[in-house]
Amino acid sequence: MNVRKFFRSFTYALQGILTAAKEQNLRFHLVSALIVVIAGFVTGLSLTEWLILTLIIALVIGAEMFNTAIERVVDLTSSEIHPLAKDAKDVAAGAVLVFASASVIIGLLIFLPKWF
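For the sequence shown, the positions run 8 to 123 when this note's numbering is used.
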C-alpha cells in the first residue's frame with residue numbers, strides 16, 4: 008500500500024466535503040445538526056441517544072452529499088433537459104427527503120419525552 012497515496016485520498020475527501028458544504032441544502036442540514044447537538048447537550052441525552060443522533064445526522068448529510076454528486080454528474084453528462092436526467096435528480100432528492108423526514112421523527116421521539 009502506498010502510504011502517501013492513502014493519505015492524499017483524505018485530502019480529496021476533505022475537498023469533497025468542502026465543495027458540498029457550498030450547497031444551500033447541505034448548509035441547512037449542517038445548521039440543523041448543530042442545533043440538534045446543542046439541544047442534546049442541554050437535554051442531557053444518554054449514550055444510546057447520542058449514538059442514534061450521530062448516525063442519523065451522518066446519514067442525512069451523506070445522503071445530501073450523494074444527491075449533490077448525482078446532480079453534478081447528471082449536469083455534466085447532458086446539457087439538455089432529459090426526462091431520465093430529471094428522474095435521476097428527483098429520485099436522489101427524494102432519498103434525502105426520506106432520510107430527513109425520518110430524522111425529524113427520530114428527533115421528536117428522543118427529545119419530546121424528555122421535554123414534556
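By construction, the Cβ of each residue, glycine as well, lies at the ideal position given by its N, Cα and C atoms.
Alpha-carbon to alpha-carbon, residue j and residue i
{"i": "residue 129", "j": "residue 56", "result": "The structure shown has nothing for residue 129, since the chain only spans 8 to 123."}
{"i": "residue 99", "j": "residue 92", "result": "11 Å"}
{"i": "residue 17", "j": "residue 77", "result": "21 Å"}
{"i": "residue 54", "j": "residue 24", "result": "27 Å"}
{"i": "residue 51", "j": "residue 39", "result": "18 Å"}
{"i": "residue 35", "j": "residue 29", "result": "11 Å"}
{"i": "residue 31", "j": "residue 37", "result": "10 Å"}
Residue i, buried or exposed, once every other Cβ within 10 Å from all chains shown has been counted against 16
{"i": "residue 60", "result": "buried"}
{"i": "residue 103", "result": "buried"}
Rounded distance between the beta-carbons of residue j and residue i, thought under 8 Å
{"i": "residue 107", "j": "residue 43", "result": "That pair is no contact at about 12 Å."}
{"i": "residue 87", "j": "residue 33", "result": "About 27 Å; that fails the 8 Å criterion."}
{"i": "residue 27", "j": "residue 75", "result": "5 Å"}
{"i": "residue 46", "j": "residue 118", "result": "7 Å"}
{"i": "residue 63", "j": "residue 113", "result": "6 Å"}
Residue i beta carbon near the ligand FAD (any heavy atom closer than 7 Å)
{"i": "residue 8", "result": "This structure does not include the ligand FAD; it has no bound ligands of any sort."}
> Where are the alpha helix (DSSP H) runs, 4 residues long or more, that stay fully inside the stretch 23-104, in chain order?
Replying inline: 31-50 and 54-84
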